[in-house]
Amino acid sequence: MQIASVRTKKVQNAWAMYDWANSVYSLVITSTIFPVYYNSVTKGIDGSGIVDFFGFKMINTVLYSYSISFSFLIIALISPLLSGIADASGKKLQFMKFFAYLGSLACIALFFFDGSNLEFGIICSILASIGYAGSIVFYNAYLPEISIQSEYDHLSAKGFALGYIGSVILLIFNLVMITFPEWFGLSDESFAPRFSFLITGIWWAGFSQIPFRILPKNVFNKKIKKEFLAKGYQEIRKVFNEIRQIKVMSRFLASFFFYSMGVQTVMYLAATFGDKELGLPGDQLIITILIIQIVAIFGSFLFAFISERLGNKISLVIMVFIWTGICGAAYYVYTVYEFFALAFVVGLVMGGIQSISRSTFTKLIPKQTTDHASYFSFYDVTEKIAIVLGTFSYGFIEQLTGNMRNSALSLGIFFLVGLGFLLLVSIPKKGLEFQSEL
Numbered sequence: 006m007q008i009a010s011v012r013t014k015k016v017q018n019a020w021a022m023y024d025w026a027n028s029v030y031s032l033v034i035t036s037t038i039f040p041v042y043y044n045s046v047t048k049g050i051d052g053s054g055i056v057d058f059f060g061f062k063m064i065n066t067v068l069y070s071y072s073i074s075f076s077f078l079i080i081a082l083i084s085p086l087l088s089g090i091a092d093a094s095g096k097k098l099q100f101m102k103f104f105a106y107l108g109s110l111a112c113i114a115l116f117f118f119d120g121s122n123l124e125f126g127i128i129c130s131i132l133a134s135i136g137y138a139g140s141i142v143f144y145n146a147y148l149p150e151i152s153i154q155s156e157y158d159h160l161s162a163k164g165f166a167l168g169y170i171g172s173v174i175l176l177i178f179n180l181v182m183i184t185f186p187e188w189f190g191l192s193d194e195s196f197a198p199r200f201s202f203l204i205t206g207i208w209w210a211g212f213s214q215i216p217f218r219i220l221p222k223n224v225f226n227k228k229i230k231k232e233f234l235a236k237g238y239q240e241i242r243k244v245f246n247e248i249r250q251i252k253v254m255s256r257f258l259a260s261f262f263f264y265s266m267g268v269q270t271v272m273y274l275a276a277t278f279g280d281k282e283l284g285l286p287g288d289q290l291i292i293t294i295l296i297i298q299i300v301a302i303f304g305s306f307l308f309a310f311i312s313e314r315l316g317n318k319i320s321l322v323i324m325v326f327i328w329t330g331i332c333g334a335a336y337y338v339y340t341v342y343e344f345f346a347l348a349f350v351v352g353l354v355m356g357g358i359q360s361i362s363r364s365t366f367t368k369l370i371p372k373q374t375t376d377h378a379s380y381f382s383f384y385d386v387t388e389k390i391a392i393v394l395g396t397f398s399y400g401f402i403e404q405l406t407g408n409m410r411n412s413a414l415s416l417g418i419f420f421l422v423g424l425g426f427l428l429l430v431s432i433p434k435k436g437l438e439f440q441s442e443l
C-alpha cells in the first residue's frame, strides 16, 4: 500500500525538520519569554495583576491559563473532524500548512502586543496555540507513511531532538538580545522580547518550507470528492469504532492519557514551581529550562536505543517509574542545586517519553489502514485533554491545600494509574494485523 519513493532519507529528514521549525513556539512562546513578558505588561501600576478582558475583571495569570486551556479544547474538538476530512480527501499536507501558517503569523502579530491591547494579545496567543497543536496532528500522521516500523523509534526521536536543538539555539539568541539590548542597538526594553516573538514566527514559517516542499502531498492518491465533509464524519466514526475494538490500542491510549497528565503538567508548570516554592530569579529559571531542553536531546536517543534492545513497553515502563520518582522528589526539593538536578532527570525522560509514545502509537495503527491522520487525531486529543485536566488538577489541589508541593506530589498518582494500564498493553513487535484484532 505504501509508495517506496516516499520512504527516502531526504523525505524523512525533511519531516524531522518540522520539529526544528515549530518547537521554537513551545519553548519561546509557551514556556519562557512570552509568559514573563505577559506578566510584566499586565500586572498594572498597583501590581495587583487585575485585568479587564472584554469587560470581565480577572487576574492576569488566570486569564492566561484559561486562554491556553481554551485553545487546547478548541483543537481537541475540531481535529478529529479535520483529520477525517484530510484522510478522506488526501489533503493532509494542506491542513498541516494551514495550521503552521496560522500559528506562525499569530506569533509575528504578538510583536504588536504591548499590554494596552490585551484582547489582541490573548487572541493571538490562542491562535498561535491552535496553529501549533493543529499542525502537529497532521505532522505526526506522516510518520507511518514515510518510514517502516523498524525506523519509527529512531525517526521519532530524531524529530524531537532536532526540535530541542533548534529551540535552544533561538532561545539563547533571544535571551542574549533581551539581556544585552545595547549590543543590538536597542534602547526600548519592551522591544527585545516583542522582537523575539517576531523572530519565532519567522523561524517557524521559514524552516517549515523544507518539509512543505519535500513531503508527499497525497501518498495514497486519494480522489477529492464533493462530499468530503460528510466523508470526514464517516472517517471519525469508523476510526473511533476501530479503536474501541482494538484492545491493545485503547489500553495504550488510556495509559498515555494518565501519564500525559503528569508529563505535560510538569512541562508547563515547572518554572512556576521554581518561582513560587523556591523563589528562584528569572535567570535561574531559564537555566533550568535550558537544562531540560538540552538533556532531552540525549534522552530521546537513549530511550530509542533501549526500545530497540528491550522493546517499547519496557522503555515506557522505565520512564513512567522515573517520572513517579520525580513527583515524589519534587516535594522535598528546597535548594537551587536540587532543583537543577531534578530538572536534569526531567529532561532525560521528557524527550524519551514523548518520542517513544509517538512511535509506539504508530506501531499500533493497523497496517492495512490509510486513515493515519484520523488515528493520530485521537492520539492528539488524548494528549490535549490530559493537559487541560492535569493543569486544572494541579491548580485545584494547590488552592485546596495551599501548597504547590502537594500538587507536585499528587501528579505521581497519574503516573501510577498510567503504569497500571501500560502493564496491560502487549505491544506487538511486527505491528497490528487489523483483521486479527477485531
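Counting in the numbering used here, the sequence shown runs from 6 upward without gaps. Quick reminder that beta carbons are idealized off the backbone N, C-alpha and C, glycines included. Computed from a predicted model, the values in this text were never measured in an experiment.
Quiz item: Where are the alpha helix (DSSP H) runs, 4 residues long or more, that stay fully inside the segment 328-388, in chain order?
Solution: 341-369
Quiz item: Quick one: Cα of R314 to Cα of L307, how far?
Solution: Taking the sequence shown and counting its residues from 1, one reaches residue 314 at position 309. Taking the sequence shown and counting its residues from 1, one reaches residue 307 at position 302. Roughly 11 Å separates the two Cα atoms.
Quiz item: Is the beta carbon of S161 less than 8 Å from the beta carbon of L32?
Solution: On the sequence shown, residue 161 is found 156 positions in, with the first residue counted as 1. On the sequence shown, residue 32 is found 27 positions in, with the first residue counted as 1. No, Cβ-Cβ distance for S161 and L32 is not below 8 Å.
Quiz item: Can you give the Cα-Cα distance for M409 and A335, rounded to whole angstroms?
Solution: Counting from one through the sequence shown, the residue named residue 409 turns up at place 404. Counting from one through the sequence shown, the residue named residue 335 turns up at place 330. Rounded to the nearest angstrom, the two C-alpha atoms are 10 Å apart.
Quiz item: Excluding five sequence neighbours on each side, which residues of the same chain lie with their C-beta closer than 7 Å to the C-beta of F349?
Solution: Position 344 of the sequence shown, counting from 1, holds the residue named residue 349. For F349, where only same-chain residues beyond five positions count, the Cβ hits under 7 Å are I296, V300.
Self-check item: Run of the alpha helix (DSSP H) containing V29, from where it starts to where it stops
Solution: Reading the sequence shown from its first residue, position 24 is the one you call residue 29. Its alpha helix (DSSP H) spans residues 14-29.
Exercise. Check whether the Cβ atoms of I113 and G206 lie closer than 8 Å to each other.
Key: On the sequence shown, position 108 is the one that residue 113 refers to. On the sequence shown, position 201 is the one that residue 206 refers to. Going by C-beta atoms, I113 is nearer than 8 Å to G206.
Quiz item: Which partner residues does I55 have in the DSSP bridge list?
Solution: As a working note, residue 55 is residue 50 in the sequence shown. Answer is I64.
Quiz item: Anyone know if the C-beta pair for L369 and M254 falls short of 8 Å?
Solution: Taking the sequence shown and counting its residues from 1, the one referred to as residue 369 is at position 364. Taking the sequence shown and counting its residues from 1, the one referred to as residue 254 is at position 249. Yes. Within cutoff.
Quiz item: Around the C-beta of Q373, are 16 or more other C-beta atoms found within 10 angstroms, so that it is buried, or is it exposed?
Solution: For the purposes of this step, residue 373 is taken as the residue at position 368 of the sequence shown. Burial call: exposed.
Quiz item: On the three-state DSSP scale, how would you describe F118?
Solution: What you label residue 118 is simply residue 113 of the sequence shown in a count that begins at 1. Three-state DSSP puts F118 in coil, outside helix and strand.
Exercise. Go through its chain and collect everything with a Cβ distance to P216's Cβ below 7 Å, but skip five positions before and after it.
Key: Locating residue 216 in the sequence shown gives position 211, counting from the first residue. Correct list, in chain order: A19, W20, M22, Y23.
Exercise. Closer than 6 Å by C-beta to I127: which residues in its own chain qualify, once you throw out the five before and the five after it? Chain order, please.
Key: In the sequence shown, counting from the first residue as 1, residue 127 sits at position 122. S72.
Quiz item: What three-state label does DSSP hand E4 in the structure shown?
Solution: With the chain covering only 6 through 443, there is no way to say anything about residue 4.
Quiz item: From P186 to F118, what does the alpha carbon distance come to, in whole angstroms?
Solution: As a first step, residue 186 is located in the sequence shown; it is residue number 181 there, counting from the start. As a first step, residue 118 is located in the sequence shown; it is residue number 113 there, counting from the start. Each residue's Cα considered, the two are about 19 Å apart.
Quiz item: So is K96 buried or exposed if we call it buried at 16+ other beta carbons inside 10 Å?
Solution: Within the sequence shown, numbered from 1, the residue matching residue 96 stands at position 91. With 16 or more other Cβ atoms within 10 Å, it is buried.
Quiz item: With a Cβ-Cβ cutoff of 8 Å, do Y30 and Y69 count as a contact?
Solution: Along the sequence shown, read from residue 1 onward, the residue named residue 30 stands at position 25. Along the sequence shown, read from residue 1 onward, the residue named residue 69 stands at position 64. No, the Cβ-Cβ distance between Y30 and Y69 is not below 8 Å.
Quiz item: Per the contact definition of three or more C-beta pairs closer than 8 Å, is the segment 131-148 in contact with the segment 255-266?
Solution: no
Self-check item: Beta-carbon proximity check, C332 vs G417, cutoff 8 Å
Solution: Counting from 1 along the sequence shown, the entry for residue 332 is found at position 327. Counting from 1 along the sequence shown, the entry for residue 417 is found at position 412. In this structure, G417 lies closer than 8 Å to C332 by Cβ.
Exercise. Compare the C-alpha of F345 against each of A111, P198, F202, T293 and name the closest.
Key: Taking the sequence shown and counting its residues from 1, the one referred to as residue 345 is at position 340. Among A111, P198, F202, T293, the Cα nearest to that of F345 belongs to T293.
Practice problem: Assign L405 to buried or exposed, taking buried as 16 or more other Cβ atoms, counted over all protein chains shown, within 10 Å of its Cβ. | Solution: Within the sequence shown, the letter at position 400 stands for residue 405. It is exposed - the Cβ of L405 has fewer than 16 other Cβ atoms within 10 Å.
Practice problem: Write down the C-beta distance between K389 and A81 rounded to the nearest angstrom, noting that I regard them as a contact closer than 8 Å. | Solution: Numbered from its first residue, the sequence shown carries residue 389 at position 384. Numbered from its first residue, the sequence shown carries residue 81 at position 76. Yes, they are in contact, since the Cβ atoms of K389 and A81 sit about 4 Å apart, within 8 Å.
Self-check item: Whole-angstrom distance between F104 and L203, CA atom to CA atom
Solution: Taking the sequence shown and counting its residues from 1, the one referred to as residue 203 is at position 198. Taking the sequence shown and counting its residues from 1, the one referred to as residue 104 is at position 99. Roughly 17 Å between the two C-alpha positions.
Quiz item: Mind checking K163: buried by the 16 CB within 10 Å criterion, or exposed?
Solution: One-based indexing of the sequence shown puts residue 163 at position 158. Buried, since its Cβ has 16 or more Cβ neighbours within 10 Å.
Exercise. Assign M63 to buried or exposed, taking buried as 16 or more other Cβ atoms, counted over all protein chains shown, within 10 Å of its Cβ.
Key: Here residue 63 is taken as the residue at index 58 of the sequence shown, counted from 1. M63 comes out exposed.
Exercise. Starting from the Cα of E302, find the closest Cα among I153, L107, Y169 and give me that residue.
Key: As a position in the sequence shown, residue 302 is number 297, starting the count at 1. In the sequence as presented, Glu is not what sits at residue 302; that position holds Ile. The shortest Cα separation from I302 among I153, L107, Y169 belongs to Y169.
Quiz item: Just curious, the alpha helix (DSSP H) that P40 is in, first and last residue?
Solution: Walking along the sequence shown from the start, residue 40 turns up at place 35. Unbroken alpha helix (DSSP H) run through P40: 38-47.
Practice problem: Just confirm the distance between the C-beta atoms of A166 and S305, as a whole number of angstroms; I'd bet it's less than 8 Å. | Solution: Taking the sequence shown and counting its residues from 1, one reaches residue 166 at position 161. Taking the sequence shown and counting its residues from 1, one reaches residue 305 at position 300. That belief holds up - the Cβ atoms of A166 and S305 are roughly 5 Å apart, short of 8 Å.
Quiz prompt | L424 beta carbon less than 8 Å from that of V325 | solution = For the purposes of this step, residue 325 is taken as the residue at position 320 of the sequence shown. For the purposes of this step, residue 424 is taken as the residue at position 419 of the sequence shown. Going by C-beta atoms, V325 is nearer than 8 Å to L424.
Self-check item: Whole-angstrom distance between M272 and G352, CA atom to CA atom
Solution: Counting from 1 along the sequence shown, the entry for residue 352 is found at position 347. Counting from 1 along the sequence shown, the entry for residue 272 is found at position 267. Rounded to whole angstroms, G352 to M272 spans 10 Å at the Cα level.
Exercise. Reducing DSSP to helix, strand and coil, say where S305 ends up.
Key: If you number the sequence shown from 1, residue 305 lands on position 300. Note: S305 maps to helix in three-state DSSP.
Quiz prompt | Contact set for C129: own chain, Cβ-Cβ below 7 Å, skip 5 residues either direction | solution = Sequence index remark: in the sequence shown, residue 129 carries index 124 (1-based). Within the same chain, C129 has close Cβ partners A111, A114, L115, F118.
Quiz item: Would you say Q289 and V341 are within 8 Å of each other, going by their C-beta atoms?
Solution: As a first step, residue 289 must be located in the sequence shown, where it is residue number 284. As a first step, residue 341 must be located in the sequence shown, where it is residue number 336. Yes, these two residues count as a Cβ contact at 8 Å.
Quiz prompt | Whole-Å CB distance - T367 paired with L220, under 8 Å assumed | solution = Here residue 367 refers to the residue found at position 362 of the sequence shown. Here residue 220 refers to the residue found at position 215 of the sequence shown. With a Cβ gap of about 16 Å, T367 and L220 do not count as contacting.
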